[in-house]
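Chemist: Numbering-wise (this note's numbering), the sequence shown opens with residue 76 and increments by one.
All C-beta atoms, glycine included, are put in the ideal place defined by N, C-alpha and C.
One structure follows; several queries about it will come next.
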Amino acid sequence: KVQKCYREINVPFCDDDIDRMHRIGKAYQKNGKNYKSVIIKFTSWEARKRLYTSRPKLFANIVKKKPGSLKSFSVSVDLTSRRYNLLKIVKRKIDEINGADYVYADINCNLVLKTKNDSQIYFNSMTESNINLANLENN
Numbered sequence: 076k077v078q079k080c081y082r083e084i085n086v087p088f089c090d091d092d093i094d095r096m097h098r099i100g101k102a103y104q105k106n107g108k109n110y111k112s113v114i115i116k117f118t119s120w121e122a123r124k125r126l127y128t129s130r131p132k133l134f135a136n137i138v139k140k141k142p143g144s145l146k147s148f149s150v151s152v153d154l155t156s157r158r159y160n161l162l163k164i165v166k167r168k169i170d171e172i173n174g175a176d177y178v179y180a181d182i183n184c185n186l187v188l189k190t191k192n193d194s195q196i197y198f199n200s201m202t203e204s205n206i207n208l209a210n211l212e213n214n
């Protein structure tokens, strides 16, 4: 199944790229189909990067509304619960800040606040994010 996912986005796949993989969490239904999340440990940074940097290909055809463009999988980084909760809190806060555009976790699991003028502000704690958001609010 992993090979199929790689083929869907035209990324070269080698069996040696994956150290191990596990199904995680409960199965869920979406649009009448059953899904179950999988976590993958790659054998090298290069193998991981190849897949993660291809994430935009997952959405390119969906935005163009081409038939059959919906992919059978998604790719996301695996954050610790502390970092994931911080990301959720800051996502809720940026709706109130004029200079903030959106917040995300990059390929290295760094938390990044993207501003409306396209600058990126990295943060690792609630204190850092509050300072950065206050600075944006004051500008």
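1) Do the stretch 201-212 and the stretch 164-178 touch if we need at least three Cβ pairs shorter than 8 Å?
2) Hey, quick one: how far does the alpha helix (DSSP H) through T202 stretch, first residue to last?
3) I need the straight-line Cα distance from N199 to D153, nearest angstrom please.
4) Looking at C-alpha atoms only, which residue of T155, N109, K189 is the closest neighbour of A175?
5) Tell me, to the nearest whole angstrom, how far the beta carbon of I196 is from that of N207; I am working on the premise that it is less than 8 Å.
6) Compare the C-beta of T202 with all C-beta atoms of chain B and state if any pair is closer than 8 Å.
Modeler: Checking against the coordinates, here is how it stands:
1) yes
2) 201-213
3) 16 Å
4) K189
5) 5 Å
6) Absent from the structure: chain B. Only one protein chain is present.
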